[in-house]
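Report on the structure given below.
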Amino acid sequence: MSVRRLPIRVTKIQPVKYFFLFIIYLWLRFDLVLRIAFGNSWKSRFEFMAQLFGEADTEKFLAHRVKLVLHRRRPRVPIILPSDVEKLTNQFLKHQNTHKTGRKNRLAIINKLIFWATNPEINRENVDSYKTRSAIVSTLLNVIFHNSLYAESELILNSLQAIVFSRVTYIGKKGEPSPIVHDVILTGVSQILVRHFSEIVRLRDQKIDKLTTIQLIKELNKAKGGTGSLAFSGEATKRHDEYRHKFPLSSTHVELLYRILEHYTFSAWPDSRDKAISVVNNLESQLKTDLKSLIIKTKDE
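When we follow UniProt numbering, the leftmost residue of the sequence shown carries the number 1, and every step to the right adds one.
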């Protein structure tokens, strides 16, 4: 990503005339005697320059100088490096998630990382911004995600849509322009989906085992002529709080992650396309069903 700057130009002033305007301007501005005599007032200076070069060209020249000064004084857009991302990640891990202030700071860090990844001004200033965005996506989908509370993980997953599909770049395009960053996104999304469906399979097998155990107990009680109550329920209790397990994910986030994965199966970059197709095939082999149909069915339920 190259740095593009819009030059500020003065129109219709001849180069030679501009040169002498500039020389007189420097003299009028920095001469110690004139500074003492006129102070910060430019009225007399302007009248002097207008007599020499004409009022119109003098106004254009001074207006140009004002624009330059304002341009130089504007706040500088920071250049964000991967080391800055690492510092924020370490801060995130240090904040206590059991305190209100700590949770607030953790959410602020996630939002800041998302802002760095999606802000066109920040990414325009750094020619190696793709490295920073790669580091941001990697830490959001790995270290921070796996150490996050439920609300924090939701914020991370919701941000993916903006990063993948809606990030406005310096050339006006939408979506992430770098194939390197896309590969990091695809890797992170794939790992999360694999964890999700592995948990689905585990819970399914666990439920089958419990139901089998319950049926065996019923048969034993029936054979003994007893009707005693069972010692446990076959349904696992699901807690709905901020400390609950992230896996399995909500159907909304599974659908979003699958949409991103499916997006990469049609990628213009062969490596990303082949990798996405391989992930889909492996998941379907593990689940023994069509992945898209399963997600649609889960959503309808």
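Here a beta-carbon is modelled for each residue, glycine too, at the ideal position from N, C-alpha and C.
Exercise for the section: Measuring alpha carbon to alpha carbon, tell me which of Tyr-130, Ser-250, Ala-151 ends up nearest His-196. Expected result: Ser-250
Problem - Expected contact under 8 Å - CB spacing of Leu-93 and Asn-147 to nearest Å - result: The C-beta distance from Leu-93 to Asn-147 rounds to 6 Å, short enough to meet the 8 Å contact threshold.
Practice task
Rank Glu-262, Glu-121, Tyr-258 by C-alpha distance to the C-alpha of Ile-80 and give the top, closest one.
Solution key: Glu-121
Exercise for the section: Count the CB pairs spanning the region 31-41 and the region 54-68 that are closer than 8 Å, and state whether there are at least three. Expected result: no
Practice task
Helix, strand or coil for Asp-183, going by three-state DSSP, please let me know.
Solution key: helix
Handout entry: For Leu-140 and Thr-89, the rounded distance between their alpha carbons
Key = 9 Å
Exercise for the section: Classify Phe-266 as helix, strand or coil using the three-state DSSP reduction. Expected result: If DSSP states are grouped into helix, strand and coil, Phe-266 belongs with coil.
Handout entry: Whole-number beta carbon distance between Tyr-258 and Ile-180, since they are thought to touch under 8 Å
Key = Rounded, the Cβ-Cβ distance is 23 Å, inconsistent with contact.
Problem - Three-state class that DSSP yields for residue 340 in the structure shown - result: Within the shown structure, residues of the chain are numbered from 1 to 301, placing residue 340 beyond reach of any answer.
Problem - Delimiting residues of the alpha helix (DSSP H) encompassing Asp-84 - result: It spans 82-94 - the alpha helix (DSSP H) in which Asp-84 sits, taken as one unbroken run.
Exercise for the section: Flag this pair as yes or no: are the beta carbons of Ile-260 and Val-194 separated by less than 8 Å? Expected result: Result no, Cβ atoms of Ile-260 and Val-194 do not sit closer than 8 Å.
Problem - Reference Ser-272; option with closest CA among Asn-282, Ile-208, Asp-183, Arg-103 - result: Asp-183
Practice task
Assign His-253 to one of three DSSP states: helix, strand, or coil.
Solution key: Look at His-253 here: in three-state DSSP terms it is helix.
Exercise for the section: Would you decide whether Val-137 is buried or exposed? Buried here means 16 or more other CB atoms lie within 10 Å of its CB. Expected result: buried
Practice task
Name the residue from Ala-268, Glu-284, Ser-285, Tyr-264 whose alpha carbon lies nearest to the alpha carbon of Lys-275.
Solution key: Tyr-264
Exercise for the section: Look at the alpha carbon of Arg-202 and the alpha carbon of Gln-161, and state the distance between them as a whole number of angstroms. Expected result: For Arg-202 and Gln-161, the distance between alpha carbons rounds to 28 Å.
Handout entry: DSSP state of Phe-61 mapped onto helix, strand, coil
Key = helix
Handout entry: Helix, strand or coil at residue 302 [DSSP, three-state]
Key = Any answer about residue 302 is impossible in this case: the structure gives the chain only from 1 up to 301.
Handout entry: DSSP-derived helix/strand/coil call for Asn-281
Key = helix
Exercise for the section: Given a cut-off of 8 Å, decide if Val-77 and Ser-190 are closer than it, judged by their beta-carbon atoms. Expected result: Cβ distance not < 8 Å, so Ser-190 and Val-77 don't count as in contact.
Handout entry: Cβ separation of Lys-110 and Gln-91, assumed to be a contact under 8 Å, to the nearest whole Å
Key = According to the sequence as given, residue 110 is Ile; it is not Lys. About 11 Å; that fails the 8 Å criterion.
Exercise for the section: Give the secondary structure of Ile-200 by DSSP, where H, G and I count as helix, E and B as strand, and everything else as coil. Expected result: helix
Practice task
Helix, strand or coil for Lys-246, going by three-state DSSP, please let me know.
Solution key: Here Lys-246 carries a coil assignment [DSSP, helix/strand/coil].
Handout entry: C-alpha distance - Ala-268 paired with Ser-178, whole-angstrom precision
Key = 12 Å
Practice task
May I ask you to report which of helix, strand or coil DSSP gives Asp-271?
Solution key: helix
Problem - Inter-residue spacing [alpha-carbon to alpha-carbon] between Trp-116 and Asn-282 - result: 34 Å
Problem - Boundaries of the alpha helix (DSSP H) in which Gln-51 is found, first to last residue - result: 43-53
Handout entry: Residue closest to Glu-86, alpha-carbon to alpha-carbon, out of Ile-23, Ile-144, Leu-155, Ile-295
Key = Ile-144
Handout entry: Run of the alpha helix (DSSP H) containing Ile-24, from where it starts to where it stops
Key = 15-30
Practice task
Could you pull out every residue in the same chain whose Cβ sits closer than 6 Å to the Cβ of Lys-246, ignoring the five residues on either side in sequence?
Solution key: Ser-153
Problem - Cutoff 6 Å; reference Gly-102; Cβ partners in own chain excluding five residues on either side - result: His-95, Gln-96
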